[in-house]
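These notes concern the structure reproduced below.
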Amino acid sequence: MFKKIRWKLSLWYAGLLAVILVILGVALYQALERSLIAEAIRTTVTRAQQISAFIDAPEIGDGDNGQGTFVDIADPDLVNKFSSEGIYIEISGQEGPVVNNSFFLQKHQLNDSRLLSSLKSSAPGTLEIRGFPDLGRMVVYSMPLSRNGQSLGMVKVVRSLTLMDSALDRLQLLLLLLSGGGLILAIGVGAALAKAALSPIDRITKTARQIRAEGLNRRLNLSGPEDEVTRLANAFDEMLDRLETAFQRERQFTADVSHELRTPLTVIKGTAEVALRGKDPQEYAEALTTADGEVDRMSNIINALLTLARADAGQQQFETDTVNMKELVEDACATFTPLAAKKGISLDAEAEESVEVYGDRERLRQLLHNLVANAVNYTPSGGAVTISLGKDGDWAKITVIDTGAGIPEDDLPHIFDRFYRVDSARSRGEGGAGLGLSIVKWIAEAHGGKIDVESEVGKGSTFTVWLPYTY
309 MFKKIRWKLS LWYAGLLAVI LVILGVALYQ ALERSLIAEA IRTTVTRAQQ
359 ISAFIDAPEI GDGDNGQGTF VDIADPDLVN KFSSEGIYIE ISGQEGPVVN
409 NSFFLQKHQL NDSRLLSSLK SSAPGTLEIR GFPDLGRMVV YSMPLSRNGQ
459 SLGMVKVVRS LTLMDSALDR LQLLLLLLSG GGLILAIGVG AALAKAALSP
509 IDRITKTARQ IRAEGLNRRL NLSGPEDEVT RLANAFDEML DRLETAFQRE
559 RQFTADVSHE LRTPLTVIKG TAEVALRGKD PQEYAEALTT ADGEVDRMSN
609 IINALLTLAR ADAGQQQFET DTVNMKELVE DACATFTPLA AKKGISLDAE
659 AEESVEVYGD RERLRQLLHN LVANAVNYTP SGGAVTISLG KDGDWAKITV
709 IDTGAGIPED DLPHIFDRFY RVDSARSRGE GGAGLGLSIV KWIAEAHGGK
759 IDVESEVGKG STFTVWLPYT Y
């Protein structure tokens, strides 16, 4: 049970709450105790000062001739006058023996008490807290008595703390009960809240255990406030989306590779079988020529796949340097001019001077060759292909425009996918395996650039590559 996060959170919360309750309880108890003891001290000091003033002042009577009569410290009425419930008085003479005291102190002698602590007081006397057997604590204040500057003895005022201690004991018990109940309630409520807060994580765990490569369509679809758990669930759903897309692409990729390689293998096998049954040297030569062409086709597919695989793994290394793009544009134009002339296509290049980028010369050459080859192969006789090079702000802009059949709008988002072909304008018979544009996109992005395409069916296509310009 204690391995679960919700119980760990609940116990941590309860532990913190317990520490807070203990600190608050102790502070409250001590503050109340100090306040009550301070009140008891004020009472005893005040009562002792009242007795001292009363003894020092004469009572004026009718036959006193204005001289007055002084109170006798041994008079029982004196003690009775200033005693009250919980306040007791003891007066001792100048020689030390007790001459007057309350009835309570006649049964419980102060000498039988035990000193618990001595307290500081600003009054001219001594202040103590004493413990009486079976009676509890009492505040004892002692101060000297004098009359007209002459010492009469000592007065001790005793204030019982029994009621205060009883109230403090009840407060202590109440604090313990409330703290214990509060902790139990905190653990229960904390566990319930933690369970409710962490329940989406349990859903994530169950969903993750149920997911297989064939069933990546499961989603959490967690709704609620945009908190940490909701963001985690959304991130989990997004990860499943990416995984599902990756698995679908992998399955499609495997099927496409199998299909692409099966065709040339079938051609090679069929050609070989025909050649084996024939005896004409001319048939052998034709068979070998066909097989050689299909082997070249397979080799091109494998090389393209190897390039993309290394790119995906981040293992493709570039030999970077400053590259004059005008030279590459002119080279591409010169390379494909014979093919374009054979098909009756006009191939032109328009390049500005000193357009340079920093990158791998051979990879940038491959980018241009793939784009131009794609344009020439899919432009009908009588059409035109134009390569332009210029600057656009901080970018080198390369544009390849053809007047071919164009690409339907629904197919435009997929033309850079591997092995993707537009059926109406991209046939296997025209060459290529549907990997050239994928490689072009990778080369552009690897150089910090991008590629866009615009096309209209029946009018042609425009491929534009932006590469960071080197000043």
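Add 308 to a position in the sequence shown, counting from 1, and you land on the number used in the working numbering. From the three backbone atoms N, C-alpha and C, an ideal C-beta is built for every residue, glycine too.
I need the straight-line Cα distance from residue i to residue j, nearest angstrom please.
i, j, result
"A683", "R517", "49 Å"
"E764", "P716", "7 Å"
"L317", "L336", "28 Å"
"V327", "R478", "21 Å"
"D291", "I399", "Outside the displayed span of the chain (309 to 779) sits residue 291, for which this structure offers no information."
"I395", "W320", "49 Å"
"S450", "S429", "11 Å"
"S735", "Y686", "For S735, the predicted structure reports a pLDDT of 47, less than 50, and the residue's modelled location is therefore unreliable. A value from the coordinates is still provided. Going from the Cα of S735 to the Cα of Y686 covers about 9 Å."
"A541", "I512", "7 Å"
"F626", "D718", "35 Å"
"V353", "G461", "17 Å"
"K415", "F440", "12 Å"
"K269", "G691", "Nothing can be reported for residue 269, as the shown portion of the chain is limited to 309 through 779."
"E436", "L423", "7 Å"
"V447", "V497", "46 Å"
"D760", "L647", "25 Å"
"A649", "I609", "26 Å"
"I723", "T598", "29 Å"
"L484", "I331", "12 Å"
"Q556", "M547", "14 Å"
"N388", "Q402", "21 Å"
"S426", "Q358", "22 Å"
"A580", "Y592", "9 Å"
"Q545", "L569", "For clarity, residue 545 is Asp in the given sequence; the question names Gln instead. About 36 Å."
"L493", "W315", "14 Å"
"T645", "E660", "20 Å"
"V575", "I747", "27 Å"
Kindly indicate which residue of the options has the alpha-carbon position closest to the one of residue i.
i, options, result
"T694", "S507, V680, E670, M633", "V680"
"D364", "K577, L413, V379", "V379"
"P432", "R539, E762, S360, E403", "S360"
"K503", "I313, D702, P366", "I313"
"T628", "V407, I519, T778, L340", "T778"
"S607", "L573, A640, S474", "L573"
"V702", "I397, E591, L427, G757", "It is worth fixing the name first, because residue 702 is Asp in this sequence and not Val. The shortest Cα separation from D702 among I397, E591, L427, G757 belongs to G757."
"A752", "T772, M472, A580", "T772"
"K464", "L471, V407, V537", "V407"
"A754", "R673, G667, N456", "G667"
"A356", "N456, V466, G457", "V466"
Check whether the Cβ atoms of residue i and residue j lie closer than 8 Å to each other.
i, j, result
"K705", "W774", "yes"
"L676", "L636", "yes"
"L481", "G444", "no"
"T770", "I709", "yes"
"V665", "P508", "no"
"L697", "M633", "yes"
"A322", "I495", "yes"
"S487", "L329", "yes"
"I349", "L453", "no"
"V582", "A595", "yes"
"S391", "S421", "no"
"K749", "S689", "no"
The beta strand (DSSP E) with residue i in it runs from where to where?
i, result
"K316", "Run containing K316: none in the beta strand (DSSP E); it sits in the alpha helix (DSSP H), 313-364."
"S430", "From DSSP, S430 is part of no beta strand (DSSP E); its letter is neither H nor E."
"I395", "395-400"
"G768", "768-776"
"D656", "654-659"
"P533", "Counting along the chain, P533 falls outside any beta strand (DSSP E), and DSSP gives it neither H nor E."
"L697", "692-700"
"V761", "758-764"
"V448", "444-455"
Where do the ends of the alpha helix (DSSP H) carrying residue i lie?
i, result
"I492", "470-518"
"L672", "669-685"
"F411", "411-415"
"T782", "Given that the chain is displayed from residue 309 to residue 779, the structure contains no residue 782 and the question cannot be resolved."
"S746", "744-754"
"D639", "633-650"
"F378", "F378 -> no alpha helix (DSSP H), and no H or E assigned at all."
Answer yes if the stretch 529-543 comes into contact with the stretch 341-352, meaning at least three C-beta pairs across the two stretches below 8 Å, and no otherwise. no
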